[in-house]
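Student:
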Amino acid sequence: ITRLLIEHSASVDLATKVGKTALHFASLQGHLDIARLLVKHNTSVDQTEEHGWTALHLVSSEGHLEVARLLVEHNVSIDQMEEHGWTALHFASSKGHLEVARLLVEHNASVNQTEEDGWTALHFASLNGHLEVARLLVKHNASVNQTEEHGWTALYLASSKGHLEVARLLVEHNTSEI
1 ITRLLIEHSA
11 SVDLATKVGK
21 TALHFASLQG
31 HLDIARLLVK
41 HNTSVDQTEE
51 HGWTALHLVS
61 SEGHLEVARL
71 LVEHNVSIDQ
81 MEEHGWTALH
91 FASSKGHLEV
101 ARLLVEHNAS
111 VNQTEEDGWT
121 ALHFASLNGH
131 LEVARLLVKH
141 NASVNQTEEH
151 GWTALYLASS
161 KGHLEVARLL
171 VEHNTSEI
């Protein structure tokens, strides 16, 4: 259907009332073939919907690695923030999508970027017990001691939720007194 619409001159960047484009919908569902077709016809990979979400935010939140790779290959803005300051890496880290997080970090996503409350990707990975994501972030120089607006570190968050292995990783990489 997408191909047929494009062949009949449908705009690939036409948006709904809330700003969602065909690429947003394809990304949310992980439809690589449709996303590839839209990108081939020059859709805007950085188009935002009403809350500032891009296609990369959606695929990072849902864990759709191949669509994320397609967007990165087409120069998507890696560190674009949505309305609350979340980047794609925040979403991938929060949900534990290791391979998406790895792709983003390997393409220079800022591991220490904070959202509006001062949380980094490491804060989210630690809170949710995503050990391998936390390990990836630490390996790429995420600040283990960075505090959010209440003074909480990733170690505090991991400990408060009983994520022992994440807490152990953070203690091993802590550069300040505990």
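Heads up, the sequence shown is in UniProt numbering, so the first residue is 1 and it goes up one at a time. Heads up, the beta-carbon is just placed ideally off N, CA and C, and yes, glycines get one too. Note that the coordinates shown come from a computational prediction; the quantities given were computed from them, not determined experimentally.
1. Sorted by chain position, which residues of the same chain lie with C-beta nearer than 7 Å to residue 204's C-beta, five sequence neighbours on each side aside?
2. Given 7 Å as the limit, tell me if R36 has its C-beta closer than that to any heavy atom belonging to the ligand ATP.
3. Look at the alpha carbon of K95 and the alpha carbon of S11, and state the distance between them as a whole number of angstroms.
4. Helix, strand or coil for V59, going by three-state DSSP, please let me know.
5. Report the residue from F25, S110, N145, E165 whose alpha carbon sits nearest the alpha carbon of E132.
6. If you draw a straight line from the C-alpha of R135 to the C-alpha of H107, how long is it?
7. Suppose the cutoff is 8 Å on Cβ atoms and the five residues either side in sequence are ignored; what does the same chain contact list for N42 look like?
8. Going by beta-carbon coordinates alone, are I78 and A92 separated by less than 8 Å?
9. Would you mind working out which of H64, V111, N174, L70 sits nearest W86, comparing C-alpha positions?
10. Are N174 and N145 touching if we call contact CB-CB under 8 Å?
11. Please work out which residues of its chain come closer than 8 Å, Cβ to Cβ, to V76, disregarding the five sequence neighbours upstream and downstream, and give them in chain order.
Tutor: Once the coordinates are examined:
1. Not covered by the structure: residue 204. The range shown for the chain is 1 to 178.
2. This structure lacks the ligand ATP; in fact it carries no ligand of any kind.
3. Counting only the Cα atoms, S11 lies some 33 Å from K95.
4. DSSP places V59 in the helix class (H, G or I) of the three-state scheme.
5. Nearest to E132 by C-alpha distance, out of F25, S110, N145, E165, is E165.
6. In a straight line, the C-alpha of R135 is about 17 Å away from that of H107.
7. Taking N42 as the centre and dropping the five residues before and after it, the same chain places the C-beta of V12 closer than 8 Å to its C-beta, in chain order.
8. Taking 8 Å as the cut-off, the beta carbon of I78 is found no closer than this to the beta carbon of A92.
9. The shortest CA-to-CA distance from W86 to any of H64, V111, N174, L70 is the one to V111.
10. The answer is yes: Cβ separation under 8 Å.
11. A distance below 8 Å between beta-carbons, with the five flanking residues on each side excluded, links V76 to the following residues of its chain, in chain order: V45, D46, T54, A55, L56.
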